[in-house]
Structures are given as structure tokens and as C-alpha cells.
Amino acid sequence: MAKLGELARLIRSKNAGPFELTFDIMFDDEAKFARVIESKALTPQVIAEIYRLPVAEVKFFIVPEALAVKASIPRPRFQGDLLDSDCHGGQQYAPLIDIEVA
Amino acid sequence: MSSGNGEVRVLSATGVCGSGFKETSLAAGMAKQPHFIGCDAGSTDPGPYSLGSGNTAFPSRAIKRDLRLMLLAARRAKVPLLIGSAGTAGGEPHLAKYRALVEEIAREERLAFPLALIHAEQEKAYLKRRLREGRIKPLKPAPAFDEGVIERSARIVGMMGEEPYLRALDGGAEVVIAGRSSDCAIFAGIPIRLGVAPGIAWHAAKILECGAAAVISRPSPDCMFATLHDDHFDLEPPDPALRCTPQSVAAHSLYENADPYRLVESSGVLDLTRARYAALDDRRVRVHGSAFERAATYTVKLEGAEQVGYQSIVIGSIRDPYIIRQLDSWAERLKARIAARVADVYAGDPAAEGYILNLRLYGKDGTMGPLEPVTRVASHEVCLVLEVTAASQEIATTILSMARHQAIHLPIPEWGGFITGVACLYSPAYLERGAVYRFCVNHVVEPDDPYEMFPIEYVNVA
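Right under this line is the structure:
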């Protein structure tokens, strides 16, 4: 087992416009990328559980040419709204780091 | 303008005007004889404040530095300069600020040129009419939007496509400063007109609008250069120290997009499903296979901000481990006391109605709020931000001052006596943040044509 954070070159989150939040999980070699995909450690269901929303609201992409996995969700709070605490959406990825990969 | 030997060369100065680029990179890009220079100047990244207030996210001095270098390069080479989404949000005050800076630079540098300003701020009457006609449609997710929201909004802008830029150039402009614009539209129009396939032009534009962001490692914002052909384009960062790789370029389509394969524009959708990336050498990349599907209906995306009130905050911290170990109940007791105190002082006065108290606890869940999976507070200290938003600054600060007083002296069972349980950072403890805004629209308009929302004003800068 390894943690996703140990396998990825970069895990990041960012606004995709003011109303959506997007996560990029990027790898620097094909073996690690393939391991994560094949392990099924990172799926729309996993994202839905972590961010507590229906799986139907998770957009999920495997992007082989970039050696990346991408997921997008509706922003928990719209960017800059009174209860939002992350204007750029830049620090919402932390729970992904600890995902266990077989 | 003609594409000459069948290629179109485009120089992007940087990802956001005001964020900077190297002068040497701009010069290296100009040496490759671009057909035009483009630069995006906008972003929703700083949040709703720029759009709502009319201010720019980058300081004038930094914007002027970038504008001056771009104007000098474009005028010297006699090629068009296109700037989109002026002043962060691309509304009237933002466009006016850019116009003033351009005219100031022209005076200082003795430049003369025909300038076009393309307006993007929308009339409320126009939006209400289109809403009544059922020609404003929600995107997903969208806040509730009705005539009341339009009326209350501080400012709503439309995001123009490439068509108004081309019309401005046809009207004789050599420098175009546009209000809110699709980032890619700045770069896509001229290549399409010169014969580049729309899929190639829009994909190149998507990379160009972020300046040097598609390189493998970018120490600071910088220029990007693209050479577009009928069915492919080549990317080369002008700074010889920067490198593009197939992976870095492919990965760029992920950045700040919800969907890495389908990018929606006014006139259609850029489809990258079949885009392929190949290294020409260790720093240049060739891209082909990008497609563009024309939309059946032309749409213009709206961005709007409405003021939600005035805000005041107190920043403080807690070091007492007894308070930290009961933080949740401490916060609940505090909220109840504040509510009681506000009820005492305002005694039914409607002025205070609708105030919003937000208590942020850094070290616990300040960053992720209710989504924070870690429940245990492991830190020996916690940062507290007390935040009150109300109908006026005076009310916000009044309620906040009472909240601060309740917070610092809130008793806990462990101590028998009067305590001071919060360290306040500043004197005065409060900061008045002024008016605060929210994004109030995520919808598109279906206009009669690509121009009706974007009037062009021609100015002879002499």
C-alpha cells in the first residue's frame, strides 16, 4: 500500500469558475499512473464520499496523455460567498493525499 | 493582414496583464514576427470583489508596466495589440481605468494609434427583457436569478466571443481594449479569419491565454508563442530557459476547467478528445487533432456581483488547552451569548436584522468547514476569526465589538474567575472590510447576434 500523495507528482484543487471546484491528480511516470487507475483507489464514488455529495454530481476524467486524473464537483460554497473560506479553492485537496492505493 | 506563407504567428505577453513577463522574452517573441500580440487581463480568481466594486486585482503600476512594453512592441512592429477582460472584471470602471493608462502611456511615449474600446457591462433593462423572453438560461450549478437579482446587482458583464474583436479591427483599430471576454476569444479570432481550422485556433488560444503556464516549470509569469497552421500548431516559449513537453501542454487543458476535453465558448465547444501532442525537440511541442463543434445557438455567459452588506472582522487566537479541548461547545455558548447581547442592544430595531455572524476556527476546520474530515484538534493554539456582515459598516462593527467582548471573557468550567480567553491581534481589534459582494449569476444569454451586447467605441489616440 502507498498513499496517493506519495505516488502523485502533484495533487491540487482550484476553482473552475466561481461555481465549480476541480481536482487534478498528476503523475510523472506511467507505472504510478497505471497503478492508481488499476487499483480503483480513485473513483467518482471515492470523491463523492470525501466531499459528501451524490456521485452523480462528480465529473470524473482519466487523462492518459497528461498522466492525470481529474475530478470536478459543484463548489460546496460559491466562490467568495459569506461562508466560503477558500477564494481560490486551492486548499480543498488535502483529504485526497491520504487515499490508500494498493 | 495576410497569413503570408500559410502560417499564423501569435505572441501572448503573459497570463494576466499586470502579472509581468520578462522584457527579453517579449523581445524574443517579437523577433519571430507575430501577426499580433494578445493578452488576457481578467479573472474571477480574486472573487466577486473586483466585479462588484469596480477595482482591479492587480495594481495600476504593474498593469502600466506590462501595457507600456506591449504597446511599444506592437506599435514598433505595426501589428495589432488585443487586450481582453480589462481590469480583472471587464466592466465599465475597469475599461475606463485601462483606457486612462493607455492614453497616459501614449502621451509619455509619443504614440498615436486608432484604439477601440469594446464595452461588456450590461444594461439592466436589456437583461430584464432577455430574461422575460426566456433567453437567459442557467448553467449548472446556478444561483437563483430573477429581475430582483438584476436590479440589486452591482454590475453584470457579458463574456464576449471573438466576433467583436474582429469587427473592431475591421473598423480600423490597431489597439483593442475589451471588457469582459472569453479568455480564448482574444487569441482565436485572427487565426480563424486567416484560415486556421477553428479547432486548432481555439486550442492554441486556450494555451496562449495563460501565457507561459503550459511550460514544464515556470519560475514566474512570462510570454508564450504559437505558430498555427491549417491542421496543427507549434508551441515555443520565447524564453529559451522554459520548456514545453507533450505532457505539460496536455496537462494544461486540466487547469481551472471542470472538463479537460470539452471547453465551452460562445460559438461552440472545443473538443480535445482527439488532440495529440508530440515533441518537436526538448522544448517545442506540436499539437494536432483538436476539433471545434459549432453550437446550434450562440450564447454569451454572464458574470455578476451583488453587494451582500458590509463586513468587519476580528482576528484573535486561543492558547489555553482547556478552551481548545472544548472548542465546539465553547463556540456554541459564544454564539448564544452574542445573539442574546445583540437582542438586548438592538431591542427589536430592524436595523440589525439579517446580520450574519461567522466564527472561523483555524487549527480546527477553518479551511474546509463542514467538509473537514479531521475532527481532532491537534494544535496547541487555534486562530479565531470573528466575522460580522450587516446592512451597514456601523452595524457590522457594533455587533462585532459586542461579539469580541463576549468571546474574550467567555467563562469555562475549569477556571473559577474572570478570564481573558482570546488573544486579540490588533488595536483596535476590529478591521472594517467595507462592502462585500457575492457572485449572483451563472447563466447565459441568447442574443440575436454576437455584437448586440458589446458596443465598440473608437478613439483616436494622438
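Those protein sequence lines, which keep their order, are chains B and P.
Per the numbering used here, residue 1 is the first one in the first sequence, and the count goes up by one each step.
Per the numbering used here, residue 1001 is the first one in the second sequence, and the count goes up by one each step.
Beta carbons are placed, not taken as given, at the ideal position from N, Cα and C, and that holds for glycine.
Against chain B, the CB of Gly1090/P has no partner CB under 8 angstroms away; the residue lies outside that interface. Pairwise C-beta distances place the segment 75 to 86 of chain B in contact with the segment 13 to 22 of chain B, as three or more of them are shorter than 8 angstroms. Taking a 10 Å sphere around the C-beta of Glu1256/P, we find 16 or more other C-beta atoms and assign the residue as buried. Annotation: the continuous alpha helix (DSSP H) that includes Ile1207/P extends over Pro1198 to Leu1208. Residues of chain B with a Cβ closer than 8 angstroms to the Cβ of Arg1438/P are, in chain order, Phe78, Gly80, Asp81 and Leu82.
In the three-state reduction of the DSSP assignment, Thr1088/P falls in the strand class. Of the other Cβ atoms in all chains shown, 16 or more fall within 10 Å of the Cβ of Arg1218/P; this residue is therefore buried.
Among the residues facing chain B, Gln1247/P is included, as its CB has a counterpart in that chain under 8 angstroms away. Counting along the chain, no alpha helix (DSSP H) covers Tyr1362/P; the unbroken beta strand (DSSP E) around it starts and ends at Ile1356 to Tyr1362.
Identification of residues in the segment 3 to 37 of chain B having a C-beta nearer than 7 angstroms to some C-beta of chain P yields Lys14, Asn15, Ala16, Gly17, Pro18, Phe19, Glu20, Thr22, Asp24 and Met26, given in sequence order.
Residue range Glu30 to Ser39 is occupied by the alpha helix (DSSP H) that includes Phe33/B. When secondary structure is reduced to three states using DSSP, Thr1299/P falls in the coil class, being assigned neither helix nor strand. Note on geometry: alpha-carbon atoms of Ile1338/P and Ser1392/P lie some 18 angstroms from one another. For the C-beta of Thr1299/P, not a single chain B residue is nearer than 8 angstroms; the gap to the nearest is close to 15 angstroms. In this structure, Ile1177/P is the residue among Arg1152/P, Ala1154/P, Ser1153/P and Ile1177/P with its C-alpha nearest to the C-alpha of Pro1164/P. For Ile1356/P, the chain B residues whose C-beta falls within less than 9 angstroms of its own C-beta are Leu82 and Leu83, listed in chain order. Per the C-alpha coordinates, the member of Gly1084/P, Cys1424/P and Ser1025/P positioned closest to Ile1408/P is Cys1424/P. Between Ala1013/P and Cys1039/P, the CB-CB gap stays under 8 angstroms. Looking at the backbone, the Cα of Gly1172/P and that of Pro1080/P are separated by about 10 angstroms. At a C-beta separation below 9 angstroms, Gln91/B has these neighbours in chain P: Thr1367 and Met1368. In this structure, DSSP gives Met1159/P a state outside helix and strand, which the three-state scheme calls coil. Rounded to whole angstroms, the separation of the alpha carbons of Ile1150/P and Ser1312/P is 26 angstroms. A straight-line Cα-Cα distance of about 19 angstroms links Val1377/P and Ile1315/P. Per DSSP, the unbroken alpha helix (DSSP H) holding Met1402/P starts and ends at Gln1393 to Ile1408.
Segment contact: the segment 30 to 49 of chain B against the segment 62 to 75 of chain B, three or more CB-CB distances shorter than 8 angstroms; contact assigned. Apart from sequence neighbours up to five positions away, the residues of its chain that approach Gln1326/P with a beta-carbon distance below 7 angstroms are Ile1412, ordered along the chain.
Judged by DSSP in its simplified three-state form, Ala1077/P adopts helix. Beta-bridge annotation (DSSP): Met1/B is not paired with any residue.
Taking Asp28/B as reference, the option from Cys87/B, Leu83/B, Leu82/B and Leu4/B with the minimal CA-CA separation is Leu4/B. Under DSSP, Leu1082/P forms a beta bridge with Gly1038/P and Val1176/P. For the C-beta of Val63/B, the chain P residues within less than 9 angstroms are, from N- to C-terminus, Ala1250, Ala1251, Ser1253, Leu1254, Pro1260 and Tyr1261. Closest by C-alpha distance to Ala1213/P, out of Leu1228/P, Asp1231/P, Thr1227/P and Glu1236/P, is Glu1236/P. Of all alpha-carbon atoms in Glu1133/P, Gly1434/P, Ser1053/P and Arg1360/P, the one lying nearest the alpha-carbon of Tyr1310/P is that of Gly1434/P. Bounds of the beta strand (DSSP E) holding Arg1276/P are Arg1276 to Ala1279.
For Arg1065/P, the closest of Gly1029/P, Phe1113/P and Val1016/P by C-alpha to C-alpha distance is Val1016/P. It is roughly 18 angstroms from the alpha-carbon of Ile1192/P to the alpha-carbon of Glu1174/P.
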